[in-house]
Amino acid sequence: KAGVTQTPRYLIKTRGQQVTLSCSPISGHRSVSWYQQTPGQGLQFLFEYFSETQRNKGNFPGRFSGRQFSNSRSEMNVSTLELGDSALYLCASSRDTDYNEQFFGPGTRLTVL
Amino acid sequence: QKEVEQNSGPLSVPEGAIASLNCTYSDRGSQSFFWYRQYSGKSPELIMFIYSNGDKEDGRFTAQLNKASQYVSLLIRDSQPSDSATYLCAVIPDKLIFGTGTRLQVFP
Chain E
-18 KAGVTQTPRY LIKTRGQQVT LSCSPISGHR SVSWYQQTPG QGLQFLFEYF
32 SETQRNKGNF PGRFSGRQFS NSRSEMNVST LELGDSALYL CASSRDTDYN
82 EQFFGPGTRL TVL
Chain A
14 QKEVEQNSGP LSVPEGAIAS LNCTYSDRGS QSFFWYRQYS GKSPELIMFI
64 YSNGDKEDGR FTAQLNKASQ YVSLLIRDSQ PSDSATYLCA VIPDKLIFGT
114 GTRLQVFP
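In the order they appear, the protein sequences are chains E and A.
Heads up: the first sequence runs through residues -18 to 94, numbered per the numbering used here.
Heads up: the second sequence runs through residues 14 to 121, numbered per the numbering used here.
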């Protein structure tokens, strides 16, 4: 059974640009959550999607957005990149809205120069 | 006050000992509690979840929850060098909130 996949794995952008990250959940999983991980702040919740609807949102500015498609694949977008957006972005999927079976992908390492 | 607090460590224990990892949370309405393990350079992986007060055991791992004290802990019995990792506590009041993790080092 394939795990959660994220593309791209590494990304380098400059300030002011925008970026789109992609996440393919485990087959049969309908919930996708996104997290930002930095050394200083740790793992912070960005948002969660279930059946194409945003269920929950963390405390991030509106520059961070996401969506989920009918096949449960999800994308997150960050516009007007700032240096502080440099982080590991992790996606996790679960079968439903229970977190007791949540699996993380390998992450996308974003560097903003 | 941080919503989920953990001692950053490192917590160093000898092989075969019991490692005790602790976590406190601020939201009394929290209902679900999780422990994740994250090896260096890897993604977090879920190792335990607990919903009710008391202990929950799974192999060498025991999660303990005390909602009155807003405290959740993870005990690792017979610690092995392969248990060396960062352990993240996570709590759901309305969304999943992580602590910053405790680094565990198990030395032979």
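Glycine included, C-beta positions come from ideal geometry on N, C-alpha and C.
Within the same chain, Cβ atoms closer than 7 Å to the Cβ of D91/A are found at G29, R73, the five residues on either side in sequence being excluded. Per DSSP, the beta bridge partners of D68/A are Q77/A. The three-state secondary structure of G(-16)/E, taken from DSSP, is coil.
Taking CB atoms only, Q83/E has a neighbour in chain A less than 8 Å away. Against T113/A, the close residues of chain E are G23, in the order they occur along the chain (beta-carbon pairs closer than 7 Å). Within the same chain, Y16, Q17, G39 come within 7 Å of Q25/E by CB-CB distance, once the 5 residues on both sides are set aside.
Here L69/E has Q17, Q18, T19, G88, T89, R90, L91 as same chain residues with Cβ atoms under 8 Å from its own Cβ, once five neighbours each way along the sequence are excluded.
Partner residues in a beta bridge of K55/A, as assigned by DSSP, do not exist.
Taking a Cβ-Cβ cut-off of 7 Å, G47/E has no neighbours in chain A, whose nearest Cβ is about 14 Å from it. For I89/A, the enclosing beta strand (DSSP E) covers residues 84 to 89.
According to DSSP, residue pairing for K(-6)/E in a beta bridge involves V93/E.
Contact of I60/A with chain E is not assigned, every C-beta pair being separated by 8 Å or more. Taking 8 Å as the threshold, the shortest C-beta distance from K69/A to chain E does not fall below it. Using beta-carbon distances, F26/E counts as an interface residue toward chain A, with a partner under 8 Å.
Residue environment for T(-5)/E: exposed (fewer than 16 other C-beta atoms within 10 angstroms of its C-beta). Legend: CB atoms of the segment 41 to 52 of chain A lying less than 7 Å from CB atoms of chain E belong to residues S45, F47.
A straight-line Cα-Cα distance of about 27 Å links A103/A and E63/E. Residues of the same chain with a CB within less than 7 Å of the CB of L59/A, apart from the 5 flanking positions on each side, are F47, Y49 in chain order. Under the criterion of beta carbons closer than 8 Å, N58/E and G47/E qualify as touching, at roughly 7 Å. Sixteen is the threshold: since fewer than 16 other Cβ atoms of the shown chains lie within 10 Å of the Cβ of P94/A, the residue is exposed. Proximity of chain E to D107/A at the Cβ level (cut-off 8 Å) is accounted for by N37, in chain order. Using a Cβ-Cβ cut-off of 8 Å, S67/E does not count as an interface residue toward chain A, since no Cβ of chain A sits closer than that to its own. Distances from the alpha-carbon of L34/A to those of T99/A, I105/A, K80/A, F120/A put T99/A closest.
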